[in-house]
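Protein sequences appear in the order of chains P and L. Our numbering runs 102 ahead of the 1-based position in the first sequence. Our numbering runs 52 ahead of the 1-based position in the second sequence. Beta carbons are placed, not taken as given, at the ideal position from N, Cα and C, and that holds for glycine.
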Amino acid sequence: MAQHNTHKEGTVVLMVGTKRGLFLLTSADRERWEIQGPMLKGRRIFNAALDQRSGRRLFAAENGDFFGTYLRFSDDFGETWQEPERGIQFPEDSGEKLNNIWVIEPGRASEPGTVYVGVDPASLWVSNDNGLNWELNAGLANHPTRETWQPGAGGLCLHTIVPDPSNASRMWIGISAVGCMRTDDGGQSWKFANKNTRAGFLPDPYPEYGQCIHRFIQHPTQPDTLYQQNHCGIYRTNNAGDDWIDIQHNLPSEFGFPIALDVHNPDTVYTIVEDPESRNNVDKQFVVYRTNDGGEQWERLTRGLPEGNEVVLGVLRHGMTTDTQDPCGVYVGTNTGQLFASRDRGDSWNLIADFLPSIYSVRTALLV
Amino acid sequence: METASTIPEVTVYFPGALREKVGNQRTVLARGRTIREVIDQLEKDFPGLRFSLCYETGEVRVFVNIFVERQHIRYLQGLDTPVSPGANIHIFQSVAGG
């Protein structure tokens with residue numbers, strides 16, 4: 103296994119969480135990729151993240167089938183793994199038990215050492231010492247509506263965490279199937295932020311909560327702007343989630359999981375929509391969609407992506423990401439083990455890995 | 053007065069997946085009058101082990117099987133199953149998953 107000190111500054115790292123372990127892909131030029139793994143072999147790795155705020159700590163969500171679910175971290179790029187001193191375990195008197203860890207999100211640059219984790223049953227966990235000790239966010243755990251929350255097909259999962267870098271007291275989270283929630287007081291209290299997003303599977307299609315939000319991301323320079331991919335549509339908010347604007351427009355389906363954007367051209371957003379019943383490409387062409395105008399119009403990106411009656415590909419909510427290079431790289435991992443990459447903002451694609459286990463997540467980092 | 057020596061000592065056999073948590077040992081000696089007490093003792097000796105065997109709510113994980121000799125505790129008294137001195141306790145993971 104290559105040591106981290108053999109990777110130079112400027113290396114792009116892909117962290118691919120799969121049903122049977124974690125894979126790392128590294129490249130200096132985004133053309134030739136070296137693949138390492140599987141690490142944590144045989145384990146269900148829902149998510150991984152590299153925290154470079156002090157050193158290089160690689161976090162991984164190991165969701166166990168038999169002996170429990172653990173957050174693990176490595177300071178040597180996966181050669182060895184450690185467990186927290188006080189890990190993510192619910193208090194005995196809470197009546198809750200940890201099912202899966204869904205997302206790991208290093209905190210803001212202004213809060214070194216702080217890491218956030220979202221789990222099923224929907225809860226937010228926070229560490230302020232680089233992952234050694236974890237605490238349950240009480241504000242969310244004690245939300246007055248919690249008893250009425252209903253799970254999505256994957257469980258009652260807190261799958262998206264967006265700490266606002268411009269405001270240390272503000273953060274958004276996404277829970278299936280509760281919707282988007284926002285705190286403006288550092289996590290002490292949480293309010294719903296679902297106005298104008300549909301829950302077509304409920305008698306009232308526009309409830310205060312109960313939406314099946316799939317994933318959302320924040321505009322890097324307009325902090326009140328976020329983009330959301332939902333079970334029932336794709337949306338943008340310009341006011342921090344106070345309300346949302348439907349931006350499905352010419353997309354062929356309202357259903358999809360992942361969403362990502364180009365940090366150098368933040369009105370450029372990527373999504374992959376699917377047939378809501380079969381949960382794979384809408385027609386025989388596998389397509390990544392791109393908008394360059396914040397969702398007013400979507401174009402099909404297909405060059406280098408497969409087409410055929412036998413092409414049946416699905417991408418999960420964390421299965422697509424972008425890097426911070428210019429032109430940005432876009433990376434897509436399918437639930438059948440294909441990993442596609444573009445180094446030209448999605449204009450063209452290459453298959454950079456195949457025969458991987460089912461891919462749960464793709465995250466990227468640029469080594470500094 | 054009950055002393056530690058009057059509490060039954062049993063041998064606990066661990067599956068490969070858990071041996072790292074018990075110092076890479078295949079078997080460990082522990083004292084307890086019931087399976088629950090044996091797990092309590094194991095947790096003292098190997099902090100964090102209980103979470104591998106039981107949920108936070110206390111019950112044994114669904115894919116963890118614990119046998120006293122050849123009997124599954126599910127069909128005895130569960131975690132309150134009594135153990136005799138010298139008993140063999142086997143922990144297995146289920147043949148399950150996909």
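If you draw a straight line from the C-alpha of V131/L to the C-alpha of S196/P, how long is it?
Per the sequence presented here, residue 131/L reads as Leu, with Val not at that position. The straight-line gap from Cα to Cα measures roughly 20 Å.
Top-ranked residue by Cα proximity to P223/P, from P378/P, S278/P, L453/P and N332/P
S278/P
When the distance is taken between beta carbons, is L328/P closer than 8 Å to G312/P?
no
Candidates G289/P, Y308/P and N239/P, of which the one nearest K297/P by Cα
Checked all of G289/P, Y308/P and N239/P; the closest Cα to K297/P is Y308/P.
Tell me whether the region 423-435 of chain P and the region 375-383 of chain P touch, counting them as touching only if at least three CB pairs, one residue from each stretch, are closer than 8 Å.
no
With DSSP as the reference, please indicate the residues paired to C259/P in a beta bridge.
S278/P
Alpha-carbon spacing of P253/P relative to L242/P, whole angstroms:
16 Å
Close-in-space but distant-in-sequence residues of the same chain around V365/P (CB under 6 Å, 5 per side omitted)
Within the same chain, Cβ atoms closer than 6 Å to the Cβ of V365/P are found at P322 and T426, the five residues on either side in sequence being excluded.
Tell me whether N341/P is buried or exposed, calling it buried when 16 or more other Cβ atoms sit within 10 Å of its Cβ.
Result: exposed.
Indicate whether at least one CB of chain P lies closer than 8 Å to the CB of G110/L.
yes
Just confirm the distance between the C-beta atoms of G170/P and R113/L, as a whole number of angstroms; I'd bet it's less than 8 Å.
7 Å
Distance, Cα to Cα, I141/L vs L458/P?
38 Å
Measure the CB-CB distance between L70/L and I143/L and report whether it falls below 8 Å.
yes
Assign P140/P to one of two classes, buried (16 or more other C-beta atoms within 10 Å of its C-beta) or exposed (fewer than that).
buried
Going by DSSP, what residues sit across from A130/P in a beta bridge?
DSSP output for A130/P lists no bridge partner at all.
Own chain residues within Cβ distance below 7 Å of G144/P, not counting five before or after:
Here the set comprises R122 and G123.
Checking contacts by CB at 8 Å: is Y107/L closer than that to chain P?
Nearest CB-CB separation between Y107/L and chain P: below the 8 Å threshold.
Within a Cβ cutoff of 7 Å, which residues of the same chain sit near I137/P, ignoring the five residues on either side of it in sequence?
Excluding sequence neighbours, I137/P sits near F125, L127 and A455.
CB contact check: Q129/L to chain P, cutoff 8 Å
no
Chain-ordered chain P contacts of V116/L [CB-CB under 8 Å]
What V116/L touches in chain P: F168 and F169.
What are the residues of the region 187-211 of chain P that lie near chain L, defined by any Cβ-Cβ distance shorter than 9 Å?
G189, Q191, F192, P193, E194, S196, G197, E198, K199 and L200
Look at the Cβ atom of F388/P, then the Cβ atom of E409/P, and state whether they are nearer than 8 Å.
yes
Under the rule that 16 or more other beta-carbon atoms within 10 Å means buried, what is A96/P, buried or exposed?
Given a span of 103 to 470 for chain P in the structure shown, any question on residue 96/P remains unanswerable.
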